[in-house]
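For reference, the structure is listed below as structure tokens.
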């Protein structure tokens, strides 16, 4: 038997890691310096369990995807039922109840006439589709508008168009020659006790207003992560700023794209972040929490008038985009079950309770000389330690490794330490996470990590 045969026959952690080292390329990982990955054998509730049965609290919801907890029985039942009925069918020329029911549900939850749902596979592709829809909608009007507006620090995914609008995130320098035309404007990130936020907002709005005035005829769309930039370091803005940004775009007749991949489904304390500012974009991108972290699925939802621009007897006016697994029935069924839990389990009320617990930590953090810019939004707590903004700084890697050893999946982004737990987390688990988080900061400050 050679090294490639019977890959599931041996299940010790050591053998899994050895095979991983030989064959796997992990995301956002420098394999030249990365420590050995954790072998996760199972997951339940807010916890992961490694191959030795050790519990790890999933305090970042497995890259912000897990909303209701791991191995939720009602979601498990939904995927089993669907698997016994139909696992997949191509979505061009066919349809099925899970996809139609999910589209109807999303249209009912979203404001205004955000009624048309285009399914894709992940957040990046949902943004890619939004960009293509925005661009081609102008072509179908008889205009050519190639320029996009994005915000400093914004991250929207890793496909080509998504990288283009996330060019200021400092992750894509190697690909800059492949990118489309994007103009970047400042993002006035704010925090508790921020006395200068209005000045930064005024500067950002002035820059946006000037850009819209000078390039009005060439701008196809503006994209923003409403209320919270994720990969930039969990940076928040105020609802009034978001509202004014949308108003300026409307005045200039520029399409507005909200990237709610990370912010949707309760992550900012509202079901959708747009609700904070009571605004409706022209297009919204959804993923991550859409399936409760179970399966890859994304949706780009657009207003009726945009969809109507693609109607014709000529295929040249259609949207030539699709994926092999578009509207996968398993994923759609899981999404329907996950969305149903918000009402069944009073999830938004639990999110408010997590927010209240986080707010009790603000004073603790404010008293520390090594912590700055502490902030809370919905079930998200974040703050800065040091000033190294690199995605994987030495301090962030050191903290991450220590937290994992302590049984906490806390993955700092550069100088930003944050908690974004599953909504099912208990008060006792939260208290344990807070204690471990503070102990890690104490050890970092004393040089004993």
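Numbering (my numbering), first residue to last: 1201 to 1649.
Glycine included, every Cβ here is placed at the ideal spot set by N, Cα and C.
For residue i, which residues from the same chain have a beta carbon less than 8 Å from its beta carbon, with the 5 sequence-adjacent residues on both sides left out?
| i | result |
| --- | --- |
| residue 1579 | 1466, 1467, 1469, 1551, 1554, 1555, 1558, 1620, 1621 and 1623 |
| residue 1570 | 1585, 1586, 1641, 1644 and 1645 |
| residue 1615 | 1433, 1584, 1585, 1586, 1587, 1588, 1589, 1593, 1595 and 1596 |
| residue 1281 | 1533 |
| residue 1600 | 1610, 1611 and 1612 |
Helix, strand or coil, according to DSSP, for residue i in the structure here?
| i | result |
| --- | --- |
| residue 1645 | helix |
| residue 1217 | helix |
| residue 1247 | strand |
| residue 1205 | Unreliable positioning characterises residue 1205 in this predicted model, as indicated by a pLDDT of 46, which lies under 50. A coordinate reading is not provided. |
| residue 1532 | helix |
| residue 1239 | coil |
| residue 1301 | helix |
| residue 1252 | coil |
| residue 1626 | coil |
| residue 1332 | helix |
| residue 1424 | strand |
| residue 1419 | strand |
| residue 1307 | helix |
| residue 1435 | strand |
| residue 1365 | helix |
| residue 1610 | coil |
| residue 1169 | Because residue 1169 is not part of the residues shown, which for the chain are 1201 to 1649, the question remains open. |
| residue 1446 | helix |
| residue 1287 | coil |
| residue 1581 | strand |
| residue 1359 | coil |
Between the alpha carbons of residue i and residue j, how many angstroms are there, rounded?
| i | j | result |
| --- | --- | --- |
| residue 1222 | residue 1229 | 15 Å |
| residue 1452 | residue 1255 | 53 Å |
| residue 1339 | residue 1332 | 10 Å |
| residue 1583 | residue 1536 | 34 Å |
| residue 1247 | residue 1389 | 31 Å |
| residue 1269 | residue 1602 | 24 Å |
| residue 1283 | residue 1414 | 54 Å |
| residue 1287 | residue 1278 | 12 Å |
| residue 1304 | residue 1427 | 26 Å |
| residue 1204 | residue 1244 | In this prediction, residue 1204 has a pLDDT of 49, which is less than 50 and means its spatial position is unreliable; what the coordinates show is noted afterwards. In a straight line, the C-alpha of residue 1204 is about 31 Å away from that of residue 1244. |
| residue 1367 | residue 1348 | 12 Å |
| residue 1354 | residue 1482 | 19 Å |
| residue 1546 | residue 1527 | 27 Å |
| residue 1608 | residue 1509 | 49 Å |
| residue 1628 | residue 1635 | 11 Å |
| residue 1504 | residue 1336 | 15 Å |
| residue 1392 | residue 1573 | 7 Å |
| residue 1394 | residue 1538 | 36 Å |
| residue 1363 | residue 1379 | 7 Å |
| residue 1471 | residue 1227 | 28 Å |
| residue 1289 | residue 1638 | 49 Å |
| residue 1542 | residue 1369 | 32 Å |
| residue 1479 | residue 1498 | 21 Å |
| residue 1549 | residue 1540 | 15 Å |
| residue 1206 | residue 1633 | Since pLDDT at residue 1206 reaches only 47, below the 50 mark, its modelled position is unreliable, and the value read off the structure follows with that caveat. Each residue's alpha carbon lies about 39 Å from the other. |
| residue 1224 | residue 1560 | 42 Å |
Near residue i, which residues of its chain fall below 7 Å by C-beta distance, leaving aside the five closest residues on each side in sequence?
| i | result |
| --- | --- |
| residue 1329 | 1318, 1320, 1500 and 1521 |
| residue 1461 | 1323, 1326, 1485, 1486, 1487 and 1488 |
| residue 1517 | 1340 and 1510 |
| residue 1463 | 1425, 1426, 1427, 1428 and 1473 |
Note down, in chain order, each residue of its chain lying with its Cβ closer than 6 Å to the Cβ of residue i, except the 5 sequence neighbours on either side.
| i | result |
| --- | --- |
| residue 1532 | 1298, 1299 and 1302 |
| residue 1157 | Not covered by the structure: residue 1157. The range shown for the chain is 1201 to 1649. |
| residue 1202 | Note on residue 1202: pLDDT 49, under 50, position unreliable in the model; no value is reported. |
| residue 1218 | none |
Looking at residue i: is its Cβ nearer than 8 Å to the Cβ of residue j?
| i | j | result |
| --- | --- | --- |
| residue 1436 | residue 1611 | no |
| residue 1418 | residue 1346 | yes |
| residue 1459 | residue 1356 | yes |
| residue 1515 | residue 1316 | no |
| residue 1430 | residue 1266 | no |
| residue 1334 | residue 1473 | no |
| residue 1213 | residue 1251 | yes |
| residue 1441 | residue 1401 | yes |
| residue 1387 | residue 1358 | no |
| residue 1412 | residue 1454 | yes |
| residue 1490 | residue 1238 | no |
Exercise. Three or more C-beta pairs closer than 8 Å, one from the region 1305 to 1313 and one from the region 1439 to 1458: is that the case here?
Worked result: At 8 Å Cβ cutoff, the stretches do not touch.
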